[in-house]
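Single-structure report; data block below.
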Amino acid sequence: MTDTKPNRRKALYERRNLRAEAEVELIKHPVAKTVGMVDEKILHELQVHKIELEMQNEELRQAHIALEESRDKYLDLFEFAPIGYFTLTATGLIAEVNFTGAELLGVERKKLLLRPFSRHIAPDCCDQFHLRLSRLMRDEEQQSYDLQIQGKDDERSVHVHALRVKAEDGTITLRITLTDITESKRIEAALKESEQRFRTLAEAVPQIVWITKPDGWNIYFNQKWMDYTGLTLEESLGQGWNTPFHPDDKQTAWEAWKNAIENNGSYSIESRLRRADGVYQWWLINGVPLHDEKGKIINWYGTCTDISMQKEIEQDLRIAATAFEAQESIVVTDKQGIILRVNKAFIGITGYSAVDMLGKNFSLITSRQHDSVFFKSIFETINRDQFWQGEVFNQRKNGEIFLCLMVITAVIDVKACVSNYVVSFLDITLKKQAEKVLLDARQDLERQVEKATTELTSLKGEPAEFNTALKVMMKMRHTENDEAKNL
-8 MTDTKPNRRK ALYERRNLRA EAEVELIKHP VAKTVGMVDE KILHELQVHK IELEMQNEEL
52 RQAHIALEES RDKYLDLFEF APIGYFTLTA TGLIAEVNFT GAELLGVERK KLLLRPFSRH
112 IAPDCCDQFH LRLSRLMRDE EQQSYDLQIQ GKDDERSVHV HALRVKAEDG TITLRITLTD
172 ITESKRIEAA LKESEQRFRT LAEAVPQIVW ITKPDGWNIY FNQKWMDYTG LTLEESLGQG
232 WNTPFHPDDK QTAWEAWKNA IENNGSYSIE SRLRRADGVY QWWLINGVPL HDEKGKIINW
292 YGTCTDISMQ KEIEQDLRIA ATAFEAQESI VVTDKQGIIL RVNKAFIGIT GYSAVDMLGK
352 NFSLITSRQH DSVFFKSIFE TINRDQFWQG EVFNQRKNGE IFLCLMVITA VIDVKACVSN
412 YVVSFLDITL KKQAEKVLLD ARQDLERQVE KATTELTSLK GEPAEFNTAL KVMMKMRHTE
472 NDEAKNL
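Letter 468 of the sequence shown, counting from 1, is numbered 459 in the numbering used here, and no numbers are missing.
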C-alpha cells in the first residue's frame, strides 16, 4: 500500500490504541508482588524510564510526520513552481526535471530522463548553448542568459539561470532553471514596433514633436526640433527645451506649463522660438498628458506648429483693414465685376450705400462720358500688366458726374488666374477745377506781362526806373509760372 498521509495517521492511531489496550490488560493482570526479591526503588526507576522512552518515541513519530509533511510541501513547490527546474549530468543529460520543465519542453517527464538537454534547444541557439555549457563546466561562476527552446508545437523564449555543483566525491552536476518569457518577449517586440511606428510618424509630420516626464523634464524631440533650433539632442533634453524661447515669452511659457501640471490639463500657448540663425518665429505649442489607470500622469506628449506665416497674414489683414477704411474709395469685385465689398469712402463719394452696391456690377457707377473702345483698352492693359491707372468720369447716385483718378489691380490666385479686382479711386473734380482756374489765371498773367514787356522795350533811352520796373515784372512772371507748375 502507498505510504500516504492518511495511512500514516491511521498507523499512529492504531499504535496508540494498542498501548491503551496493553495498559488495560496490565490492570486486569497485575504483576504479582515479589516481596523482598525486587527493590521497589529500582522498579520505580524502570517504570519511569519506560515512560520516558515511550514519550521520546512519540516525539520521534511526530517529528517524522512533520518531516514528511514538509517534504510533501516542498516537493509540491518544486513540481508545480512556475519555473522549470533541471538537473543535468556532466555530459548534459537530464537527471531530474520538475513538472513545469517537462511542460515547457512539451515532453512527458519520464521520456526526458537521461536524454540530452541540447535536443530541445532551438537550432539557431545550439552553438550558443554548447559554448556556455562548456564554459560552465570549467568555471564556477553562475550564468544567466536568454535562449530559444523547441517546445511541442512551437519555439518558446526562456531565461536561463545555470549553476555548477560539485559533490564531495568530485561528481559535477548542473542545476538549471528555465523561466518562460515568451509573453514578455512578445510584449517587448510589440512595444518596440509601436515605438518605431511612433518615431516614424513623429519624423514624418511637419510639426516638432516632443515628450516630457510629468515634471516637464524633456526625454524626446524629433529631428525637426534640432533642425530648427540648431541645438543638439543632448542640449535640448531635460530643461534645455526652454533655451530657444524669446526672453519676453519664457515667463509666460513657464506659468502656462505650471498651470497645466497643477490642473492636470492640456497645455497650449503661442510663443516665439529662436531659429538656428537667431531669427525668432511664432509657434503654437500644444501638449496633452497621458494618464495611467489611477489618473496619474505618465508623460506629456506635444507638438510645436509653425504659425509665423499665419501671424504675418494676420498682420497684413490688420494693415489691409486699416487701409480699406482710408480716405480713398475702395471696391472689391469678383472676376466678372460683381461688387463684393465697398468701404466708407466709396459710400461718401458716390452716395450709394453698401446695400445698394453689393451684388451689383461695378458698371452701375460709370458715366456715358467714355465709349467701349476706352474700356476695352483698360482691360487689355490689365490683362497684360495686372494693373491700370488713369482718369475716369463716373456718376454719383444723384446723377452728378465726377472725375476720379482710378487704379484697378487684378488679384491672381495660385493657378495664375484672375480671381478678383480691387478698384480704388479719388474724386479729383475740385482739383481739376482748381487747376483750370490757376491755368486760366496764369495764361492771363502771361498775356499781361508780355504786353507790358513789349511796351517797356519800345521805350528806349527812358530813365533807369523803367528798367527797374521791367526787371520786377519779369521776376513776377517767372514766380507765377513756377507756382502754376507746382499746382
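Think of the CB as a built atom: it goes at the ideal place given N, C-alpha and C, for glycine as much as any other residue.
| Query | Result |
| --- | --- |
| Excluding sequence positions up to five away, which residues of its chain have a Cβ less than 7 Å from the Cβ of Leu124? | Gly83 |
| So, is Val149 buried or exposed, given that buried needs 16 or more other C-beta atoms within 10 angstroms? | buried |
| In terms of residues, what are the limits of the alpha helix (DSSP H) holding Pro238? | 238 to 254 |
| Counting along the chain, where does the beta strand (DSSP E) carrying Gln141 start and finish? | 134 to 141 |
| Output needed for Glu261: all residues of its chain with C-beta closer than 8 Å, excluding positions within five of it in sequence on either side, in chain order. | Trp273, Trp274, Leu275, Ile276, Ile298 |
| Rounded to the nearest angstrom, what separates Leu331 and Phe337 at their Cα positions? | 13 Å |
| Give a yes or no on whether the C-beta atoms belonging to Val409 and Val402 are separated by under 8 Å. | yes |
| Does DSSP put Val15 in a helix, a strand or coil? | Caution is warranted here: a pLDDT of 46 is assigned to Val15, below 50, making its placement in the model unreliable, and the coordinate value is therefore given only provisionally. Looking at Val15 - three-state DSSP - the assignment turns out to be helix. |
| Can you name, in chain order, every residue of its own chain whose Cβ lies under 6 Å from the Cβ of Trp208, other than the five neighbours on each side? | Gly229 |
| Is it right to say Asn89 is buried, meaning 16 or more other beta carbons lie within 10 angstroms of its own, or is it exposed? | buried |
| Please report how far the alpha carbon of Val22 lies from the alpha carbon of Lys41, in whole angstroms. | Only weak support is given to the placement of Val22: the predicted model assigns it a pLDDT of 49, under 50, and the question is left unresolved by the model. |
| Ser320 bridges to which residues according to DSSP? | Phe416 |
| Phe353 and Val413 look like a contact to me (Cβ under 8 Å); what is the Cβ gap, rounded to whole Å? | That belief does not hold up - the Cβ atoms of Phe353 and Val413 are roughly 11 Å apart, past 8 Å. |
| Are the segment 318 to 325 and the segment 414 to 426 touching, with three or more C-beta to C-beta distances below 8 Å? | yes |
| Applying the criterion that 16 or more other CB atoms from any shown protein chain within 10 Å of the CB defines a buried residue, is Ala13 buried or exposed? | With a pLDDT of 44 at Ala13, under the threshold of 50, the modelled position of this residue cannot be trusted; read the value that follows with caution. Exposed: under 16 other Cβ atoms inside 10 Å. |
| Would you call the segment 104 to 120 and the segment 136 to 153 in contact, with 3 or more CB pairs under 8 Å? | yes |
| Would His237 and Arg265 qualify as a contact pair, given that the criterion is a beta-carbon distance under 8 Å? | yes |
| Candidates Arg147, Ile178, Arg177, Phe189: which alpha carbon is nearest Thr170's? | Arg147 |
| Is the beta carbon of Ala153 closer than 8 Å to that of Ile167? | yes |
| Runs of 4 residues minimum, wholly inside the segment 355 to 393: which ones carry the alpha helix (DSSP H) assignment? | 363 to 376 |
| Are Phe479 and His361 touching if we call contact CB-CB under 8 Å? | Residue coverage of the chain in this structure runs from -8 to 478, which leaves residue 479 outside it and unanswerable. |
| Mind checking which residues open and close the alpha helix (DSSP H) that includes Ile178? | 173 to 195 |
| Of the choices Ala93, His55, Thr78, whose alpha-carbon is the least far from that of Phe71? | Ala93 |
| By Cβ distance, which residues of its chain are closer than 7 Å to Leu79, with the 5 residues on each side in sequence left out? | Ile85, Ala86, Phe108, Thr164, Leu165, Ile167 |
| Could you tell me the distance, in whole angstroms, from the CA atom of Arg106 to the CA atom of Arg129? | 22 Å |
| Can you give me the C-alpha to C-alpha distance between Leu103 and Glu131, rounded to a whole angstrom? | 26 Å |
| So, for Ile202: in the same chain, excluding its five sequence neighbours on each side, which residues have a beta-carbon less than 6 Å away from its beta-carbon? | Ile210, Tyr211, Asn290, Tyr292 |
| What are the complete alpha helix (DSSP H) segments, minimum 4 residues, inside the segment 61 to 108? | 90 to 96, 100 to 103 |
| Tell me where the beta strand (DSSP E) around Val502 begins and ends. | This structure gives no information on residue 502, because the portion of the chain shown stretches from -8 to 478. |
| Taking Cys295 as part of the beta strand (DSSP E), name the residues at either end of that continuous run. | 288 to 297 |
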